[in-house]
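Enquirer:
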Amino acid sequence: MLKNAIKIAAIGAVAWGATTVGASAGLTKQPGETSGLARGAPLPEGVYFVNTISWGERSVPGRDTGVLVDVPVIAWSTPWTVLGANVQVLGALPNIYIDPPGNNNSDYGLYNPFLAGALAWDLGNGIGVSYTSGFYFNVGEKDIRVRATTWRQDFAASYTADGWNLTANVTWSITFDTDRIAGGKTSNGLGIDLTATKTFGNWEVGAVGFGSTEYDLPTGQAGKGKQFALGPLVGYNFGPAILQAYVTRDIYQRNLGGKETRFWGRVIIPLWTPTAAAAPLVTKY
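Per mature numbering (1 follows the signal peptide of the UniProt record, and there is no 0), the sequence shown runs over residues -25 to -1, 1 to 260.
Structure (structure tokens):
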């Protein structure tokens, strides 16, 4: 039972969080962060830890910048339903490390914390849809975070029958409460994270992709930042935990300075489920 719960968590867990400075395309969320997850599928009741970490470099001759993004998430899938939907509560404390080009000093710190609620419907036949609404708060390291509060909404649909995970997750972000120090207007953005994977026993293989765009311009920026990236994914279910790894490369970018290659890793661990709580503390084998 617990192993099944972990499998469902792997396709339905929620990971939220950060992005690199200037590369968010108005999302505040990191583009591609929910790729590999079946965002539309309801989670079984329980508390889950989902950590997504990635390292990427944007190819600009003589000016490559490396960025490490770590997004630890706690997801609580409650026993409650609203309009037939599973109710979830989500929180994240993302962190970013920036390695700038040349001899410039690197920087590390807390990104905008995130808190949200979600509703996920099981429509039957392996089809699920979800809606998430939450906020990135205007706190954290001043040289790392987006200097504004962001209202984020996600609209996801997943097909998870027969070992498949076919998911599209659309994100719409609106910024407000911009710091005066930030220089005025902060951009708003749209994004989509895509997943097409298949499980074979404990293994999962497939492809992921993501795109993002600003739909208005921040103060002092000449053009809207846009990108689209693709890459392979592999995962393995160890029973007590699930690991995923994927690599993405921009096949298109505009006004982001160059194409980015990013390496991703993810761990999914159920911290508590009703089944685990009911099990004896000592089991004889």
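All C-beta atoms in this analysis are idealised placements derived from N, C-alpha and C, irrespective of residue type, glycine included.
Note that the coordinates shown come from a computational prediction; the quantities given were computed from them, not determined experimentally.
How is residue 53 classed by DSSP in three states: helix, strand or coil?
Expert: For this step, residue 53 is matched to residue 78 along the sequence shown. It is a strand residue.
Enquirer: I'd like the span of the beta strand (DSSP E) that includes residue 137, first residue to last.
Expert: Numbered from 1 along the sequence shown, position 162 holds the residue referred to as residue 137. Unbroken run through residue 137: none, as it is neither H nor E.
Enquirer: DSSP state of residue 27, grouped into three classes?
Expert: Within the sequence shown, residue 27 is the residue found at index 52, counting from 1. In this structure, residue 27 counts as strand in the three-state DSSP scheme.
Enquirer: In this structure, how does DSSP classify residue 88 when only helix, strand and coil are distinguished?
Expert: The residue labelled residue 88 in the question sits at position 113 within the sequence shown. In the structure shown, residue 88 sits in coil (DSSP, three-state: anything other than H, G, I, E or B).
Enquirer: Apart from the five residues on each side of it in sequence, which residues of its chain come closer than 6 Å, Cβ to Cβ, to residue 54?
Expert: In the sequence shown, the residue the question calls residue 54 occupies position 79. Cβ neighbours of residue 54 beyond the five flanking positions: 20.
Enquirer: Whose C-alpha, out of 137, 236, 136 and 228, is nearest the C-alpha of residue 187?
Expert: As a position in the sequence shown, residue 187 is number 212, starting the count at 1. Considering only alpha carbons, the answer is 228.
Enquirer: Using DSSP with H/G/I as helix, E/B as strand and the rest coil, what is residue 249?
Expert: Working through the sequence shown from its first residue, we reach residue 249 at position 274. Residue 249 falls in the helix class under three-state DSSP.
Enquirer: According to DSSP, residue 210 sits in a beta bridge with which residue or residues?
Expert: Translated into the one-based positions of the sequence shown, residue 210 becomes position 235. Paired residues: 179 and 219.
Enquirer: Let me make sure I understand the geometry here. Which of 60, 177 and 163 has the alpha-carbon closest to that of residue 214?
Expert: Here residue 214 is taken as the residue at index 239 of the sequence shown, counted from 1. Residue 214 has its Cα closest to that of 177, out of 60, 177 and 163.
Enquirer: Rank 97, 45 and 110 by C-alpha distance to the C-alpha of residue 148 and give the top, closest one.
Expert: Sequence index remark: in the sequence shown, residue 148 carries index 173 (1-based). Nearest of 97, 45 and 110 to residue 148, Cα basis: 110.
Enquirer: Going by beta-carbon coordinates alone, are residue 200 and residue 189 separated by less than 8 Å?
Expert: Here the question's residue 200 lines up with position 225 in the sequence shown. Here the question's residue 189 lines up with position 214 in the sequence shown. Yes, the Cβ-Cβ distance between residue 200 and residue 189 is below 8 Å.
Enquirer: So who's on the other strand from residue 83, going by DSSP bridges?
Expert: By 1-based counting over the sequence shown, the position of residue 83 is 108. Residue 83 is bridged to 72.
Enquirer: By Cβ distance below 6 Å, which residues in the same chain neighbour residue 34 in space, the five residues on each side in sequence not counted?
Expert: Here residue 34 refers to the residue found at position 59 when the sequence shown is read from its first residue. 233 and 234.
Enquirer: Assign residue 32 to one of three DSSP states: helix, strand, or coil.
Expert: The sequence position of residue 32 within the sequence shown is 57, counting from 1. Looking at residue 32 - three-state DSSP - the assignment turns out to be strand.
Enquirer: Please report the residue range of the beta strand (DSSP E) in which residue 106 lies.
Expert: Sequence index remark: in the sequence shown, residue 106 carries index 131 (1-based). Here the beta strand (DSSP E) through residue 106 covers 102 to 111.
Enquirer: Evaluate contact between the stretch 52 to 68 and the stretch 91 to 108, counting only Cβ atoms and requiring at least three cross-stretch pairs below 8 Å.
Expert: Flag = yes, the stretch 52 to 68 and the stretch 91 to 108 touch.
Enquirer: Using DSSP with H/G/I as helix, E/B as strand and the rest coil, what is residue 124?
Expert: Within the sequence shown, the letter at position 149 stands for residue 124. Reduced to three states, the DSSP call for residue 124 is strand.
Enquirer: Please return the same chain residues whose Cβ sits closer than 7 Å to the Cβ of residue 202, not counting the five positions on each side in sequence.
Expert: Residue numbering aside, residue 202 sits at position 227 when the sequence shown is read from its first letter. Here the set comprises -1, 6, 186, 187, 225, 227, 228 and 231.
Enquirer: Would residue 118 be called buried (16 or more neighbouring beta carbons within 10 Å of its own) or exposed?
Expert: Translated into positions along the sequence shown, residue 118 becomes position 143. Exposed, because fewer than 16 other Cβ atoms sit within 10 Å of the Cβ of residue 118.
Enquirer: Indicate the three-state DSSP secondary structure (helix, strand or coil) for residue 334 in the structure shown.
Expert: Nothing about residue 334 can be read from this structure; the chain reaches only from -25 to 260.
Enquirer: With DSSP as the reference, identify every bridge partner of residue 144, one or two as the case may be.
Expert: Taking the sequence shown and counting its residues from 1, the one referred to as residue 144 is at position 169. Paired residue(s): 131 and 168.
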